[in-house]
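Q:
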Amino acid sequence: MDNSPILEVEKLNIRFDTPVGVVHAVRDVSFTMGREKLAIVGESGSGKSQTGRAILGLTPGKVTAQKLAFHGQNLVDLAEPQWRAIRGKRIAMVMQDPKYSLNPVMTIGDQLLEAARGVKEGAEARQHALGMLAAVRIRDPERVYRAWPHELSGGMGQRAMIAMMLMAEPELLIADEPTSALDVTVRLQVLAILDDLVKTRHMGLIFISHDLNLVRTFSDRVLVMYGGQVLERLAASELEQAQHPYTRGLLACPPEIDRRRQRLPVLQRDPSWMEPVW
Amino acid sequence: MVTQPMIEIENLSISFGRGADRVDAVKSISFSVAPGESYGLVGESGSGKSTILRALAGLNPFWSGQMAIAGEKLTAKRPRALRRLVQMVFQDPFGSLHPKHTIDRILSEPLAIHGFEDVETRVRAALERVGLGPAFRFRYPHQLSGGQRQRVAIARALILEPKVVLLDEPTSALDVSIQAEVLNLLTDLRQQLGLTYVLVSHDLGVVAHMCKRLSIMRTGEVVETATADDLSEGHLLHAYSRQLLIASRGYDTQAIAAFGDF
Amino acid sequence: MTDWAIAATPPRWRKWLLAETPQSRLQARLSRAYLNWVAFARNPLAMLGLIIVAVLIIFAAFAPWIAAHNPLFGGDLQTERLLPPGGDHWLGTDSQGRDIWSRIVYGSRTTLVIIFMVAITAAPIGIVIGTTAGYVGGWIEGALMRVTDAFLAFPKLVLALAFAAALGAGIENAILAIALTSWPPYARIARAETLTVRSTDYVAAARISGASGLRILFGHIMPMCMPSLIVRVSLDMAGVILIAAGLGFLGLGVAPPQPEWGQMVSDGRAQILEQWWVCAYPGVAIFIVSLGFNLIGDGLRDVLDPREG
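So, in structure tokens, the structure goes:
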């Protein structure tokens, strides 16, 4: 199996022009990834979502990078027609809330077919769509194919969304908090589906989340972001040995069922964490 | 000697809609909460936990059964004096403060409604109690972070000196590090002021931390009543509760494969 | 890049208005208003609209000094009638020998009075009806909304005509007629906003605190309706001017010899081909002021009710 990197990011910067000045949302972020599950973890304002969107050219900010390459193809300053060849077809994105990311006036089936336009047509596309719905463990694919988004529960909607994003068989899937809007048990089932699909299709998965405890068991590697920078990068299995105080703080502060404490440890933000890492 | 419960709920039923569209959101729930206790209601969406809270808060007059707070029987109409007894903190810090009111106005309005005289002192004291300095007094909500807004919401809930505070997923919308601060604040306040909490959450970890006793709910019914110790020791009887507990521990392929549909 | 509006503010005021930590409700409110003004001032077209309206107000206030001649009575009917623009009469004279420029300048007063009075009568009626309907619901909402629908079903000008014809000519009746036809859209907007605001957590919190329905309606719901209403009212002002002009054109409205732009256009109908200036210049005035209000309305919308993410 090919283990070469599919995505190379070097010194990615995203800046926003606001009336109060330039906001430097992502600062000198660098990483490479192969066909693995990479988690980008951070709190709100850390820049993790913007990073994910920049890979698809969907961020309204100004993107500059020393290198931003997908299978060697440069993604900086691409023209729209070139982006269209990549988005959905080679890199896809699943977002947080299917209530907002599914088109409410199209049936699921129509949306699946639309996602496969240019790749598969006609009866073949329909068969493929039903196959994808079965792959995301939807028990009655025919019914969901004909259904409208508002008729589906959160978990079903998100699974339909994943099916839609995988119609064109992309190589890289970016999931931006895909389970945050779901119930706890459904959350894990959706993760299991993602895990399965990524393995069987040899895809790369970038999993953006604020929940460090969720990704420690789900992903292979973890990038911890704060204030637009990557503060620490490590294998998920090594999280217990994290070095950076921010990572350790994030790991320690959620309440745990097994280890109950009177007061939860509070993260002391050190201003030095905002200083350039390089 | 048995102290009278602070909250007593018996056979509470709440439904919405009529005829074919009728939804029984809460089906004959009963539980009681002792004074100074923190009681948890855990469940996923649609379990009815928030519906119970809203009825307790007096936001929904269409319920049947019996509810009593501090011995006072509750009726569909909530007299103003009774409003002082129970207050609520909402889930979304961005939606629970009026965008066009200053923090000062948000905090002084309840005092004005109930005819308090020393508004100035109480507002300042309320802000201090939740760890916000006087600098925040005349700011607008959009100038505050999520955690700060939630502190204001807590200050507002406490300003009428209630006995019961209802917490509807108070930290679900906050970052983990802020969640820890807010949960610590809530714990401290309960001890300092002798408050009674009813905490609703989908997060077993939060409920285990904040509450000694809890009810696990599903589609309007109580599936199981347990203690926080039961959770940490894994002593849960019902299959659904056990599944919820496993799900709270994080991603585990084998465990998930064994999940049932309830 | 600093906003010109910030740079133009005296430093002492600037510091007070931009303070991170306001010390009083007044300071907080003024600070917010100031920031809105700065955002508004960034928009060149909006500023153009503001200038136009400012000129209108200056004309109205200083009419006696700006107008060159008597607007009500003209000169010698033998020699002064229908003079072309130029010389003593900048925009020419009309069929009564009156100076058109002066009549336009004094006519600005009529325009301003009509706009102002319509705004302060129609908007409150609309808000109260709309918010009450939205908050109370039930049969009251149904009844109020059907009344609103009935008023909305009539074309504005026709309804204004009917009222003006029934009430008689005169500026007060014209204002009443226009106001009666202008309030329904505001009621609609107010009701729509109320339905959204009614189910928010902050209104729920107010109810839990024991707030009465009236307090919630006036203190919580109405303030949230204001932005879209302000924008709508500004945009409507252009339409109000045109309706007033229409009424004036048809002889219902201000009684002659008081100058009113619509009436002036009507008066010039007979001479429109040879002495075009009698119609054209009042028409241009109507156009410019309508445009001004439209630009202000758009600018206000960008500041108060932005739709982009």
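Sequences listed follow chains A, Z and W, in order.
My numbering puts the first residue of the first sequence at 2, with every later residue one more than the last.
My numbering puts the first residue of the second sequence at 3, with every later residue one more than the last.
My numbering puts the first residue of the third sequence at 6, with every later residue one more than the last.
No residue lacks a Cβ here, since even glycine has one placed at the ideal position from N, Cα and C.
Check whether the segment 163–177 of chain A and the segment 199–211 of chain A are in contact - that is, three or more C-beta pairs closer than 8 Å.
A: Touching, per the Cβ criterion.
Q: If we count the other Cβ atoms within 10 Å of its Cβ and call it buried at 16 or more, is W/P190 buried or exposed?
A: Here the question's residue 190 of chain W lines up with position 185 in the third sequence. It is buried - the Cβ of W/P190 has at least 16 other Cβ atoms within 10 Å.
Q: Please state the DSSP three-state secondary structure of Z/S17.
A: What you label residue 17 of chain Z is simply residue 15 of the second sequence in a count that begins at 1. The answer is strand: DSSP assigns Z/S17 an E or B state.
Q: Kindly indicate if chain W contains any beta-carbon less than 8 Å away from that of Z/S47.
A: Sequence index remark: in the second sequence, residue 47 of chain Z carries index 45 (1-based). So, not an interface residue.
Q: Given a threshold of 16 other Cβ atoms within 10 Å of its Cβ, counted over all protein chains shown, does Z/R56 qualify as buried or as exposed?
A: Taking the second sequence and counting its residues from 1, one reaches residue 56 of chain Z at position 54. Its Cβ being crowded by 16 or more others within 10 Å, Z/R56 is buried.
Q: Which one of W/A243, W/I183, W/A210 and W/W42 has the shortest CA to CA distance from W/A127?
A: If you number the third sequence from 1, residue 127 of chain W lands on position 122. Comparing Cα-Cα distances from W/A127 to each of W/A243, W/I183, W/A210 and W/W42, the minimum goes to W/I183.
Q: Per DSSP, what kind of secondary structure is Z/Y253 in: helix, strand or coil?
A: As a first step, residue 253 of chain Z must be located in the second sequence, where it is residue number 251. Z/Y253 falls in the coil class under three-state DSSP.
Q: May I ask you to report which of helix, strand or coil DSSP gives Z/M219?
A: Locating residue 219 of chain Z in the second sequence gives position 217, counting from the first residue. In the structure shown, Z/M219 sits in a strand (DSSP, three-state: E or B).
Q: Return the Cβ separation of Z/P136 and Z/L129 in integer angstroms, given the expectation that the two are a contact with Cβ distance under 8 Å.
A: For the purposes of this step, residue 136 of chain Z is taken as the residue at position 134 of the second sequence. For the purposes of this step, residue 129 of chain Z is taken as the residue at position 127 of the second sequence. Rounded, the Cβ-Cβ distance is 6 Å, consistent with contact.
Q: Could you work out which residue in A/D221, A/D271, A/T19 and A/V216 is closest to A/L252 when comparing CA atoms only?
A: As a position in the first sequence, residue 252 of chain A is number 251, starting the count at 1. For the residues A/D221, A/D271, A/T19 and A/V216, the minimum Cα distance to A/L252 belongs to A/V216.
Q: Which value, in whole angstroms, describes the spacing of the CA atoms of W/R34 and W/N41?
A: On the third sequence, position 29 is the one that residue 34 of chain W refers to. On the third sequence, position 36 is the one that residue 41 of chain W refers to. Whole-angstrom Cα-Cα distance: 11 Å.
Q: Helix or strand or just coil, what does DSSP make of Z/M90?
A: Looking up residue 90 of chain Z in the second sequence gives position 88. In this structure, Z/M90 counts as strand in the three-state DSSP scheme.
Q: Let me see if you follow: with CB-CB separation under 8 Å, is A/T248 close to chain Z or not?
A: Within the first sequence, residue 248 of chain A is the residue found at index 247, counting from 1. For A/T248, the answer is no, since every Cβ of chain Z falls outside 8 Å of its Cβ.
Q: What residues in its chain sit with their C-beta under 7 Å from that of A/S102, if we drop five residues either side in the sequence?
A: Locating residue 102 of chain A in the first sequence gives position 101, counting from the first residue. Contacts found: M96 and M162.
Q: By the three-class DSSP mapping on this structure, what secondary structure does A/A80 have?
A: By one-based count along the first sequence, residue 80 of chain A stands at place 79. Of the three classes helix, strand and coil, the one that applies to A/A80 here is coil, per DSSP.
Q: Report the three-state DSSP secondary structure of W/K20 (helix, strand or coil).
A: Residue numbering aside, residue 20 of chain W sits at position 15 when the third sequence is read from its first letter. W/K20 falls in the helix class under three-state DSSP.
Q: In chain A, which residues lie less than 9 Å from Z/D254 when you measure between Cβ atoms?
A: Residue 254 of chain Z sits at position 252 when you count from the first residue of the second sequence. The contacting residues are L189 and T218.
Q: Suppose you measure from the CA of Z/P7 to the CA of Z/L233; what does that come to, to the nearest Å?
A: Here residue 7 of chain Z is taken as the residue at index 5 of the second sequence, counted from 1. Here residue 233 of chain Z is taken as the residue at index 231 of the second sequence, counted from 1. For Z/P7 and Z/L233, the distance between alpha carbons rounds to 24 Å.
Q: Between Z/I218 and chain A, is there a C-beta pair that is closer than 8 Å?
A: Stepping through the second sequence from its first residue, residue 218 of chain Z is reached at position 216. It does not: the Cβ of Z/I218 has no partner Cβ on chain A nearer than 8 Å.
Q: With a Cβ-Cβ cutoff of 8 Å, do W/L87 and W/Q276 count as a contact?
A: Start at 1 with the first residue of the third sequence, and residue 87 of chain W comes out as number 82. Start at 1 with the first residue of the third sequence, and residue 276 of chain W comes out as number 271. Their beta carbons are under 8 Å apart, which means W/L87 touches W/Q276 by this criterion.
Q: According to DSSP, A/I207 sits in a beta bridge with which residue or residues?
A: Here residue 207 of chain A is taken as the residue at index 206 of the first sequence, counted from 1. DSSP output for A/I207 lists A/L39 and A/I175 as bridge partner(s).
Q: With C-beta atoms as the reference, is A/R36 less than 8 Å away from A/I7?
A: Within the first sequence, the letter at position 35 stands for residue 36 of chain A. Within the first sequence, the letter at position 6 stands for residue 7 of chain A. Contact: yes.
Q: Just confirm the distance between the C-beta atoms of A/A182 and A/D98, as a whole number of angstroms; I'd bet it's less than 8 Å.
A: Position 181 of the first sequence, counting from 1, holds the residue named residue 182 of chain A. Position 97 of the first sequence, counting from 1, holds the residue named residue 98 of chain A. That pair is a contact at about 4 Å.
Q: According to DSSP, is A/E276 helix, strand or coil?
A: For the purposes of this step, residue 276 of chain A is identified with residue 275 of the first sequence, where counting begins at 1. Reduced to three states, the DSSP call for A/E276 is coil.
Q: Between Z/E10 and the rest of its own chain, which residues show a CB-CB distance below 6 Å, the 5 nearest in sequence each way excluded?
A: As a working mapping, residue 10 of chain Z is identified with position 8 in the second sequence. So the qualifying residues of the chain are S34 and A70.
Q: Of the choices Z/E235, Z/H204, Z/L160 and Z/V167, whose alpha-carbon is the least far from that of Z/L43?
A: Taking the second sequence and counting its residues from 1, one reaches residue 43 of chain Z at position 41. Ranking the options by Cα distance to Z/L43, first place goes to Z/H204.
Q: Looking only at its chain, what residues have a beta carbon closer than 8 Å to the beta carbon of A/R138, apart from the 5 residues adjacent to it on each side?
A: Counting from one through the first sequence, the residue named residue 138 of chain A turns up at place 137. Excluding residues within five positions, the ones whose Cβ falls inside 8 Å are R160, Q190 and I194.
Q: Taking all protein chains shown into account, do 16 or more other C-beta atoms lie within 10 angstroms of the C-beta of W/L278, making it buried, or fewer, making it exposed?
A: Position 273 of the third sequence, counted from the start, is the residue given in the question as residue 278 of chain W. Answer is exposed; the Cβ neighbour count stays below 16.
Q: For Z/L246 versus Z/V202, is the C-beta distance shorter than 8 Å?
A: The residue labelled residue 246 of chain Z in the question sits at position 244 within the second sequence. The residue labelled residue 202 of chain Z in the question sits at position 200 within the second sequence. The answer is no: Cβ separation not under 8 Å.
Q: For W/T84, count neighbouring Cβ atoms within 10 angstroms of its own Cβ and tell me buried if that reaches 16, exposed if not.
A: By one-based count along the third sequence, residue 84 of chain W stands at place 79. With fewer than 16 other Cβ atoms within 10 Å, it is exposed.
Q: Thinking C-alpha only, which one of A/D18, A/T65 and A/S5 is nearest A/K12?
A: Numbered from 1 along the first sequence, position 11 holds the residue referred to as residue 12 of chain A. Closest by alpha carbon: A/T65.
Q: When the Cα atoms are used, what is the spatial distance from Z/R24 to Z/F138?
A: Within the second sequence, the letter at position 22 stands for residue 24 of chain Z. Within the second sequence, the letter at position 136 stands for residue 138 of chain Z. Their backbone Cα atoms lie some 45 Å apart in a straight line.
Q: Taking A/D184 as part of the beta strand (DSSP E), name the residues at either end of that continuous run.
A: Looking up residue 184 of chain A in the first sequence gives position 183. First-last for A/D184: undefined, no H or E at that position.
Q: Determine, using beta carbons only, whether Z/L239 and Z/V208 come nearer to each other than 8 Å.
A: Position 237 of the second sequence, counted from the first residue, corresponds to residue 239 of chain Z. Position 206 of the second sequence, counted from the first residue, corresponds to residue 208 of chain Z. It is not a contact, given that the beta carbons lie outside the stated cut-off.
Q: Using a Cβ-Cβ cut-off of 6 Å (strictly less than) and excluding sequence neighbours within five positions of W/G135, which residues of its own chain qualify?
A: Walking along the third sequence from the start, residue 135 of chain W turns up at place 130. If we look at W/G135 and ignore the five residues flanking it on each side, its Cβ neighbours are A192, A195 and R196.
Q: Does the beta carbon of A/I207 fall short of 7 Å from some heavy atom of the ligand MG?
A: The ligand MG is absent from the structure shown, which contains no ligands of any kind.
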